[in-house]
Structure formats: C-alpha cells, structure tokens
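Count along the sequence shown starting at 1, add 10, and that's the number in this note's numbering.
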Amino acid sequence: MPSVFALAGSAWNFYRKQPALNGVLVWMLIFPSSLMNILSRVFGPVKPDAILAPFEGSIPFSPQSLLLVLPAYLILAVITIWGVAAILISAKRTLETRAGRSRTSFKTLRREAVPFILPLLLTGVLRSCFTLLWGLLLIVPSMVYAIRTSFYNIVVVGEHTAYRAALRRSKDMVRGRTWRVFFYLLAFAIFFFGPAALLSTLLSIVVNTVILSGMSTGLIFLADVIGAVFMSFATILFLLASVELYAELKKMKPIQVDL
Numbered sequence: 011m012p013s014v015f016a017l018a019g020s021a022w023n024f025y026r027k028q029p030a031l032n033g034v035l036v037w038m039l040i041f042p043s044s045l046m047n048i049l050s051r052v053f054g055p056v057k058p059d060a061i062l063a064p065f066e067g068s069i070p071f072s073p074q075s076l077l078l079v080l081p082a083y084l085i086l087a088v089i090t091i092w093g094v095a096a097i098l099i100s101a102k103r104t105l106e107t108r109a110g111r112s113r114t115s116f117k118t119l120r121r122e123a124v125p126f127i128l129p130l131l132l133t134g135v136l137r138s139c140f141t142l143l144w145g146l147l148l149i150v151p152s153m154v155y156a157i158r159t160s161f162y163n164i165v166v167v168g169e170h171t172a173y174r175a176a177l178r179r180s181k182d183m184v185r186g187r188t189w190r191v192f193f194y195l196l197a198f199a200i201f202f203f204g205p206a207a208l209l210s211t212l213l214s215i216v217v218n219t220v221i222l223s224g225m226s227t228g229l230i231f232l233a234d235v236i237g238a239v240f241m242s243f244a245t246i247l248f249l250l251a252s253v254e255l256y257a258e259l260k261k262m263k264p265i266q267v268d269l
C-alpha cells in the first residue's frame with residue numbers, strides 16, 4: 011500500500027486539477043462553517059474575560075432564540091453534508107479508473123450531490139447510534155466499529171449504497187486491516203488538521219492581542235471566518251486522501267479475521 015505522504019500528495023494533485031472543487035470549498039464548506047463559528051460565538055455563554063470575546067452571549071438563551079438558532083444550525087449542517095457529497099462525487103472516478111478523472115463544473119457537482127444528502131445524513135446518524143451503543147458496553151469495540159465504518163460516506167456516494175448496507179460494506183473493506191487503516195486516518199488527520207488547528211489558534215491569539223490594544227473588536231469575526239477557511243481546506247484534502255486510501259483497499263484481497 012502507498013505511504014501516507016503518497017496518498018496525501020495524490021489528494022493534493024487531484025484537488026489542483028479540479029477547479030470545481032474551489033466552488034465547493036468556498037460555498038459549501040467555508041461559508042456554512044464560518045456562519046456556524048459565528049453562531050457558536052454569539053449564542054454561547056458569556057465568559058468572564060468578555061473583553062477577549064465581546065460578542066459571546068450577545069444572543070441570550072431562551073426558547074424563542076433556540077427556535078431560531080437550531081434550524082439555522084441544521085440548515086448549515088445540511089449544506090456542509092451537501093458539500094461533502096459534491097467532493098466525493100468529484101473523486102468518485104478515483105474508485106473506478108485513474109484515467110477517468112475528468113473535470114466537471116461546480117453546477118454539475120451541486121446538482122448530482124443533492125440525492126446523497128439524506129442518505130449521508132441518516133447513515134451518519136445510524137453509525138453514531140451504533141458507535142454509542144458499543145461504547146456503552148466497552149470502549150475498544152466502539153473504537154473498532156468507528157474505524158471500520160470510517161468509509162461509509164465514500165460507500166454511500168461512490169457505490170450508491172446507504173444505511174446499514176453502507177456500514178457493512180465499509181466494515182468488510184477494513185476488516186483485517188483495522189489498525190493499519192486507523193494509523194493512516196490518524197496520520198491524515200495530523201497532516202491536514204494539525205496545521206489548520208495550529209494556524210487557527212495562532213490567529214486567535216493575534217486577534218485577541220490586537221483587540222486588547224484598542225483596535226476593532228469586530229476582528230474576532232474575521233478570525234472565525236479565516237479559521238473556517240483553514241479547517242475547510244483540511245476537510246477537503248482529508249476526504250480526498252480517504253478516497254485514495256479506500257481505492258487502495260479495494261485493490262487488496264479481503265481478509266476475514268483481524269490478526
């Protein structure tokens with residue numbers, strides 16, 4: 011199997027060759043993520059160091075405000091899932107043939123991703139419920155189940171299989187290589203989300219320092235948006251690298267029992 015760096019490099023090269031993914035990144039990942047960051051700030055509890063986060067808690071908690079904020083979160087989450095589906099559709103040909111990596115438009119990706127929104131959402135909820143049930147028994151089986159079903163979203167979009175069938179398909183592909191897949195996914199997370207989280211943290215420190223120096227407190231919202239940019243870019247590369255990993259697993263002979 012190729013190294014982590016080889017798969018990450020393939021993900022980056024694929025992203026560079028698909029301009030339509032820029033539209034997905036901006037409008038279906040960065041935009042909803044930025045709004046969710048801002049909503050979390052203004053609807054969150056007021057902290058003692060309010061000078062560092064002057065907008066936190068500006069929307070007081072009440073049943074009325076909850077009825078407005080929760081639907082907004084749901085809509086933004088659905089847009090994000092829509093974006094994930096669009097990314098996976100763009101990468102779908104990776105699961106078929108390397109020569110099939112044809113370009114497509116942002117409009118086409120949006121349209122073709124719509125039928126996958128509900129299956130992705132419900133399969134993800136189902137997976138979370140099963141993981142939680144395993145967790146109530148023992149932690150390790152819960153972790154194993156979560157790792158083995160990591161590719162459910164790729165199965166839903168790439169193989170048009172949803173719900174429990176998608177979870178079973180992902181388990182079958184990973185079984186026998188559970189911990190190997192875990193270390194690949196962990197490496198992807200560190201490789202992509204590590205720098206994004208570090209840059210977001212540094213940005214927050216800089217913005218808080220600027221605010222304390224007397225400049226506009228509105229910069230805190232700029233930090234929320236730029237943080238969403240970092241994390242969204244990491245998300246798209248993580249998904250593409252995961253598709254590359256799944257494509258490699260499909261080439262390998264199935265193993266029935268973990269060693």
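Cβ atoms here follow ideal geometry from the backbone N, Cα and C, with glycine treated the same way. Because the structure is a prediction, the values reported are computed rather than measured.
Query raised in the report: How close, in whole Å, do the beta carbons of A123 and T141 come, if the pair is a contact with beta carbons under 8 Å?
Result: On the sequence shown, residue 123 is found 113 positions in, with the first residue counted as 1. On the sequence shown, residue 141 is found 131 positions in, with the first residue counted as 1. That belief does not hold up - the Cβ atoms of A123 and T141 are roughly 25 Å apart, past 8 Å.
Query - N-terminal and C-terminal residue of the alpha helix (DSSP H) that G93 is part of - result: For the purposes of this step, residue 93 is taken as residue 83 along the sequence shown, with counting starting at 1. P73 to A101 is the extent of the alpha helix (DSSP H) around G93.
Requested in this report: Flag this pair as yes or no: are the beta carbons of A82 and L250 separated by less than 7 Å?
Outcome: Here the question's residue 82 lines up with position 72 in the sequence shown. Here the question's residue 250 lines up with position 240 in the sequence shown. No, the pair does not count as a contact, with Cβ atoms beyond the cut-off.
Report task. State the Cα-Cα distance for the pair I89 and S50, rounded to the nearest angstrom. Result -> Position 79 of the sequence shown holds residue 89. Position 40 of the sequence shown holds residue 50. Whole-angstrom Cα-Cα distance: 17 Å.
Query - Contacting residues, own chain, Cβ-Cβ under 7 Å from L39 (five flanking each side not counted) - result: Indexing the sequence shown from 1 puts residue 39 at position 29. Closer than 7 Å at the Cβ level, and outside the excluded window around L39, lie T90, G93, S242, T245 and I246.
Query raised in the report: With 16 as the cutoff for other CB atoms within 10 Å, does D268 come out buried or exposed?
Result: Taking the first residue of the sequence shown as 1, we reach residue 268 at position 258. At D268, the pLDDT of 46 sits below 50, so the modelled position is not reliable; the number obtained from the coordinates is stated separately. It is exposed - the Cβ of D268 has fewer than 16 other Cβ atoms within 10 Å.
Query raised in the report: T275 by DSSP, collapsed to three states: which one?
Result: Because the chain here runs from 11 to 269, residue 275 falls outside it and cannot be looked at.
Requested in this report: Would you kindly report the start and end of the unbroken alpha helix (DSSP H) that includes F248?
Outcome: Position 238 of the sequence shown, counted from the first residue, corresponds to residue 248. Residues L229 to K261.
**Report entry** Three-state secondary structure (DSSP) of I61
**Finding:** On the sequence shown, residue 61 is found 51 positions in, with the first residue counted as 1. Low per-residue confidence applies at I61: pLDDT is 49, beneath 50, and the placement is therefore not dependable, though the value from the model is reported in the following sentence. Helix at I61.
Requested in this report: Give the C-beta separation of L136 and R174 to the nearest angstrom, bearing in mind that I take them to be a contact with Cβ-Cβ under 8 Å.
Outcome: Working through the sequence shown from its first residue, we reach residue 136 at position 126. Working through the sequence shown from its first residue, we reach residue 174 at position 164. 7 Å between Cβ atoms; contact.
Query raised in the report: With L177 and T159 assumed to form a contact (beta carbons below 8 Å), what rounded beta-carbon distance in angstroms separates them?
Result: Sequence index remark: in the sequence shown, residue 177 carries index 167 (1-based). Sequence index remark: in the sequence shown, residue 159 carries index 149 (1-based). 5 Å between Cβ atoms; contact.
Query raised in the report: By the 10 Å Cβ neighbour count, where 16 or more other Cβ atoms means buried, how is V217 classified, buried or exposed?
Result: Along the sequence shown, one-based indexing puts residue 217 at 207. Label assigned to V217: buried.
Requested in this report: Less than 8 Å between the CB atoms is what I'm expecting for M153 and L259, so what's the real figure, rounded?
Outcome: To locate residue 153, count along the sequence shown from 1; it is residue 143. To locate residue 259, count along the sequence shown from 1; it is residue 249. Actually they are not in contact, since the Cβ atoms of M153 and L259 sit about 19 Å apart, beyond 8 Å.
Query raised in the report: By the 10 Å Cβ neighbour count, where 16 or more other Cβ atoms means buried, how is R26 classified, buried or exposed?
Result: Here residue 26 refers to the residue found at position 16 of the sequence shown. When all chains shown are included, R26 counts as exposed.
**Report entry** Through-space distance from L84 to F192, alpha-carbon basis
**Finding:** Here residue 192 refers to the residue found at position 182 of the sequence shown. Here residue 84 refers to the residue found at position 74 of the sequence shown. In a straight line, the C-alpha of F192 is about 30 Å away from that of L84.
Query raised in the report: Taking DSSP as the reference, what is the three-state secondary structure of G110?
Result: The residue labelled residue 110 in the question sits at position 100 within the sequence shown. Confidence is the limiting factor: at G110 the pLDDT is only 48, short of 50, which leaves the residue's position unreliable, though a coordinate-based value still follows. Residue state, collapsed to three classes: helix.
Query raised in the report: Near A60, what residues of its chain come up, given a Cβ to Cβ distance below 6 Å and the 5 sequence neighbours on each side ignored?
Result: Counting from 1 along the sequence shown, the entry for residue 60 is found at position 50. Residue placement at A60 cannot be trusted, given a pLDDT of 48 that sits under 50; the coordinates are not used to answer.
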